[in-house]
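Novice:
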Amino acid sequence: MRLGFIGTGQMGKPMAHNLLKTKQALNVYARHPEKISDLKAAGASLLASPAEVARASELLVLCLPTDAEVDAVIGGEAGILAGASPGALILDATTGTPAAAQRVAKTLKAQGVEYIDAPISGGVKGAVDAKLTFMVGGEDKIIDRAASLMEVMGTTIFRVGAVGTGRMVKALNQIITGMNVLILCESVVLAQKAGIAPERVFEILSKCSANSFHLQTKLPQFIIPGKFEGGFRIDLMIKDLEIALQAAREMKTPMILTGMATQIFRAASASGYGSKDTSAMANFLGSFVGVDFSAK
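Residues in the sequence shown are numbered from 1 upward in steps of one, following our numbering.
1. Please give me, in chain order, every unbroken run of the beta strand (DSSP E) with length at least 3 that falls completely inside the stretch 80–148.
2. Count Cβ pairs between the stretch 96–106 and the stretch 174–182 that sit closer than 8 angstroms; are there 3 or more?
3. Using three-state DSSP, classify residue 156 as helix, strand or coil.
4. Evaluate the contact criterion for the stretch 111–121 versus the stretch 150–168: three or more CB pairs, one atom per stretch, below 8 angstroms.
5. So the candidates are 93, 46, 281; which of them puts its Cα closest to the Cα of residue 170?
6. Taking its Cβ as the centre, do 16 or more other Cβ atoms sit within 10 Å of residue 292, making it buried, or is it exposed?
7. CA-CA distance, residue 159 and residue 182?
8. So residue 4 is in the beta strand (DSSP E); what residue range does that whole segment cover?
9. If I follow the unbroken beta strand (DSSP E) through residue 172, where does it start and stop?
10. If we count the other Cβ atoms within 10 Å of its Cβ and call it buried at 16 or more, is residue 233 buried or exposed?
11. When you compare each of 60, 57, 147, 289 to residue 189 by their alpha carbons, which one comes out closest?
12. If residue 80 sits next to residue 50, beta carbons under 8 angstroms apart, how far is it from one beta carbon to the other, in whole angstroms?
13. Terminal residues of the continuous alpha helix (DSSP H) containing residue 18?
14. Is it the case that the Cβ atoms of residue 282 and residue 204 are separated by a distance below 7 angstroms?
15. Go ahead and pull the three-state DSSP assignment for residue 64.
16. Can you name, in chain order, every residue of its own chain whose Cβ lies under 7 angstroms from the Cβ of residue 96, other than the five neighbours on each side?
17. Taking buried to mean at least 16 other C-beta atoms within 10 Å of its own C-beta, is residue 240 buried or exposed?
18. Whose C-beta lies closer than 7 angstroms to the C-beta of residue 258 among residues of the same chain, with five residues either side of it excluded?
19. So residue 24 packs on residue 3, CB below 8 angstroms; how close in whole Å?
20. Of all the options 180, 152, 72, which has the alpha carbon lying nearest to the alpha carbon of residue 18?
21. Please state the DSSP three-state secondary structure of residue 274.
22. Closest to residue 100 by C-alpha separation, out of 250, 262, 276, 83, would be which residue?
23. Under three-state DSSP, which class holds residue 55?
24. Suppose you measure from the CA of residue 198 to the CA of residue 271; what does that come to, to the nearest Å?
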């Protein structure tokens, strides 16, 4: 199968590298091709536009930051629609709104191009290790066409329902993730004020009911060493929580705690933390009481 990939950022690039291990042709478009010279060295073909990638591919993976960027690569004279042939399949791993996925699917369907929304979870490490979880919305027969490739990039594939439902479940994941990170960060600030070091918090709570994925990752990887670069940026968490809030508004469902959490993340972003990992919320919350976890 001829494969395409657009969106070779922190998550997308290692996913593309894993697809290259299948020895199938991989066509890639990037706005900054100099940043993916390693993909070219590994055997990928770097093409000049999304249209060229679509023209050369039977299955095209998108892994972009926002719906706006998905729209940008699909439309226009050099977009996917200008190059895709009937029967082609778009696997969209972008975290976006369910409504946008449904709209894109309808647009592509009019040209005979199939679409599934397949947002991912597992972080950069999961992408590198090919241990991602895919939450997929779309018809089973269409998902079947992409299943073997998702298995190359991940370990778990959930078929959720119609187009858009994959993104809905990803929104739920991000709500819980955001809440967990905030509570963890608030707790370590309190511990520090009480004279209990984050190393000790990690050691003890790892054996208690408060243990969690985020305690096991955010404390040892970011908070304890005091280095908050890389990881999952606060500004992206805000974007994901706003996706959940938008979906909730459309369904007239109050999300009181999610709204509060979003405002706290926004306050941190406005204070200069937007490009840092979400664990930097420990420094933002700590700033009110003189606590700073940054490496000295």
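Even for Gly, the Cβ is constructed at its ideal location relative to N, Cα and C.
Specialist: So, from the listed chains and residues:
1. Fully enclosed beta strand (DSSP E) runs of 3 or longer: 89–92, 114–117, 132–137.
2. The answer is no - the stretch 174–182 does not touch the stretch 96–106, with fewer than three Cβ pairs under 8 angstroms.
3. Reading the sequence shown from its first residue, position 156 is the one you call residue 156. DSSP, read as helix, strand or coil, puts residue 156 in strand.
4. These segments touch.
5. Translated into positions along the sequence shown, residue 170 becomes position 170. With distances taken between Cα atoms, residue 170 lies closest to 93.
6. Reading the sequence shown from its first residue, position 292 is the one you call residue 292. That one is exposed.
7. Locating residue 159 in the sequence shown gives position 159, counting from the first residue. Locating residue 182 in the sequence shown gives position 182, counting from the first residue. Between the alpha carbons of residue 159 and residue 182 lies a distance of about 30 angstroms.
8. Position 4 of the sequence shown, counted from the first residue, corresponds to residue 4. That run of the beta strand (DSSP E) goes 3–6.
9. Your numbering for residue 172 matches position 172 in the sequence shown. For residue 172, there is no enclosing beta strand (DSSP E); the enclosing alpha helix (DSSP H) has its first and last residue at 165–193.
10. On the sequence shown, residue 233 is found 233 positions in, with the first residue counted as 1. By the Cβ neighbour-count rule, residue 233 is buried, with 16 or more other Cβ atoms within 10 Å of its own.
11. In the sequence shown, residue 189 corresponds to position 189, counting from 1. For the residues 60, 57, 147, 289, the minimum Cα distance to residue 189 belongs to 289.
12. Here the question's residue 80 lines up with position 80 in the sequence shown. Here the question's residue 50 lines up with position 50 in the sequence shown. Indeed they touch by this definition, with Cβ atoms about 5 angstroms apart.
13. Along the sequence shown, read from residue 1 onward, the residue named residue 18 stands at position 18. Per DSSP, the continuous alpha helix (DSSP H) segment holding residue 18 begins and ends at 12–20.
14. Here residue 282 refers to the residue found at position 282 of the sequence shown. Here residue 204 refers to the residue found at position 204 of the sequence shown. For the pair residue 282 and residue 204, the CB atoms are not nearer than the 7 angstroms cut-off.
15. Working through the sequence shown from its first residue, we reach residue 64 at position 64. In the three-state reduction of the DSSP assignment, residue 64 falls in the coil class.
16. Looking up residue 96 in the sequence shown gives position 96. If you ignore the 5 residues before and after residue 96, its C-beta comes within less than 7 angstroms of the C-beta of 66, 67, 70, 167, 243, all in its own chain and listed in chain order.
17. Counting from 1 along the sequence shown, the entry for residue 240 is found at position 240. Buried, by the Cβ-count rule.
18. In the sequence shown, the residue the question calls residue 258 occupies position 258. Cβ neighbours of residue 258 beyond the five flanking positions: 175, 241, 244, 245.
19. Within the sequence shown, residue 24 is the residue found at index 24, counting from 1. Within the sequence shown, residue 3 is the residue found at index 3, counting from 1. Taking a contact as a CB-CB distance under 8 angstroms, the pair residue 24 and residue 3 counts as one, their CB atoms being some 5 angstroms apart.
20. Taking the first residue of the sequence shown as 1, we reach residue 18 at position 18. The candidate whose alpha carbon is nearest that of residue 18 is 152.
21. Position 274 of the sequence shown, counted from the start, is the residue given in the question as residue 274. Three-state DSSP puts residue 274 in coil, outside helix and strand.
22. Position 100 of the sequence shown, counting from 1, holds the residue named residue 100. The shortest C-alpha separation from residue 100 is found at 250.
23. What you label residue 55 is simply residue 55 of the sequence shown in a count that begins at 1. Of the three classes helix, strand and coil, the one that applies to residue 55 here is helix, per DSSP.
24. Within the sequence shown, residue 198 is the residue found at index 198, counting from 1. Within the sequence shown, residue 271 is the residue found at index 271, counting from 1. Spanning the alpha carbons of residue 198 and residue 271 requires a straight line of approximately 23 angstroms.
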